[in-house]
Amino acid sequence: CAQLSFIQVVATFHDSLAALAFLQTTAVNVVLLDIDMPGLSGVQLAQILPVRAGTRLLFTTAYDHYALQGYELGIADYLLKPIAFPRFVQALTRVQQTITMETEVSSPAAEAMFVKHEHRLQRVAFDTLLYVEGCKEYLQLHLADGSKLLTLQSFRRVEEVLPPHRFARIHRSYLVALNRIEHVERSKVQLAGHLLPLGEAYRDTFLALLRTSHQL
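Heads up: the sequence shown is residues 1 to 216, going by the numbering used here.
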């Protein structure tokens, strides 16, 4: 982008399925998604895009009624068309600052995360986490000792923090620890005695991850 020196356009797509194929193999910092696209809508694409640390989604659309759904999916910003250039710059600058800050404070050897729970930051060790359940705008973390933590957070943000080789999304409302899985059926996943739904949209990616991780 000639007017923004910190932006490099890697690719553009008019077909959401082509964009999905590209993003499954290529890591980028920012994805600008329209809502009304052939194939899959921007909302549907955001639900199944592979989650990578440092990647942010921005919706660019003429429709304001998708904003709540977008933020529930963890998008970084919601830009209404026609988009004023200063507003566009503001959104991308904010994303750049966030990614830079997270990169500076991140630890490659991290074994835990902090979540906001009952007016405090609660440390959650990765090896104690069984699965994460979506409850409207909240997430409920189910731990190995049977306890639960309710936190106001998006799935996408949690997925960015959790090690991708140890945790996977199996449904729009569930994310699980791979080493806790006991068995997998056509539409169910059982771990630690809990039987959870396996969403059709997540099935192939999930099974491929299990095979890659030598879990199957």
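Beta carbons are placed, not taken as given, at the ideal position from N, Cα and C, and that holds for glycine.
- For D204, the uninterrupted alpha helix (DSSP H) segment begins and ends at E200 to T212.
- Cα atoms of Q47 and E72: separation of roughly 10 Å, rounded to the nearest angstrom.
- About 18 Å separates the Cβ atoms of I170 and V161, ruling out a contact at the 8 Å cut-off.
- Within the same chain, F59, A67 and G70 come within 6 Å of Y78 by CB-CB distance, once the 5 residues on both sides are set aside.
- In the DSSP assignment, I83 falls outside any beta strand (DSSP E) and carries neither an H nor an E.
- In this structure H142 is buried. Its beta-carbon is surrounded by 16 or more other beta-carbon atoms within 10 angstroms.
- R157 is the residue among L40, R157 and L45 whose C-alpha sits nearest the C-alpha of T98.
- In terms of Cβ geometry, L152 and Y138 form a close pair [threshold 8 Å].
- About 10 Å separates the CB atoms of L49 and G42; that is not less than 8 Å, and the two are not in contact.
- If you keep only unbroken beta strand (DSSP E) runs of at least 3 residues inside the region 169-201, you get 174-177, 181-184, 188-191 and 194-197.
- Under the three-state reduction of DSSP, D145 is assigned to coil, being neither helix nor strand.
- Per DSSP, E159 has no beta-bridge partner at all.
- Here DSSP, grouped into helix, strand and coil, assigns E72 to helix.
- Rounded to the nearest whole angstrom, the C-alpha separation of L80 and T55 is 21 Å.
- Looking at the DSSP output, A125 sits in a beta bridge with A112.
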